[in-house]
Each structure stands twice: as C-alpha cells, then as structure tokens.
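Colleague:
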Amino acid sequence: MNSRVLVRAEIPGELHESLEGYLANHPDWDMHRVCSAALSLFLLQNAESDRRVARVYLDTLFRVPR
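Here it is in structure tokens:
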C-alpha cells in the first residue's frame, strides 16, 4: 500500500455526518483508512479476485495504531 492517488467524491450529507460520528469515537481511524477499507471491500465483493485488493483490505483493517 505504498502508492496513493487523490480521489475527490461527493457523498450524501447523512453519510458524512455518520462518518464524522464514527471517527470521533474511533481515534485510530481516519477518513483515508475508512475509504480504503470500504472501497477495497466493495471491490472484493463485486469484482474479479485480486490479491492486491485483498492485501489493501487486510492491511487497512488490521493496521497497528500509531
């Protein structure tokens, strides 16, 4: 998970409010980590199997807090 690409997206206000609440209660998570976990899980469930996507998903979920 070394390279990164900037992605800008509009999301519904309800999702943003819920996400802000989640992040406020889970200091080990940030917007980047949540989006990486969500997108990689979506791709694992809906696209052809890709070990790189699985690795991103697992690394994101089980990252050791700093």
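Residues 0 to 65 (numbering that gives the first Met the number 0) are what the sequence shown spells out, left to right. Glycine included, each C-beta is placed from N, C-alpha and C at the ideal position.
Which runs of the alpha helix (DSSP H), 4 residues or longer, sit entirely within the region 24–59?
Modeller: Runs found: 30–45.
Colleague: Mind checking Y21: buried by the 16 CB within 10 Å criterion, or exposed?
Modeller: Position 22 of the sequence shown holds residue 21. Classification for Y21: exposed.
Colleague: Going by beta-carbon coordinates alone, are L60 and A23 separated by less than 8 Å?
Modeller: Within the sequence shown, residue 60 is the residue found at index 61, counting from 1. Within the sequence shown, residue 23 is the residue found at index 24, counting from 1. No, these two residues do not count as a Cβ contact at 8 Å.
Colleague: Just the Cα atoms here: how many angstroms apart are M30 and R54?
Modeller: Taking the first residue of the sequence shown as position 1, residue 30 is located at position 31. Taking the first residue of the sequence shown as position 1, residue 54 is located at position 55. Going from the Cα of M30 to the Cα of R54 covers about 19 Å.
Colleague: Could you check what DSSP says for E16 in three-state terms: helix, strand or coil?
Modeller: Here residue 16 refers to the residue found at position 17 of the sequence shown. In the structure shown, E16 sits in a helix (DSSP, three-state: H, G or I).
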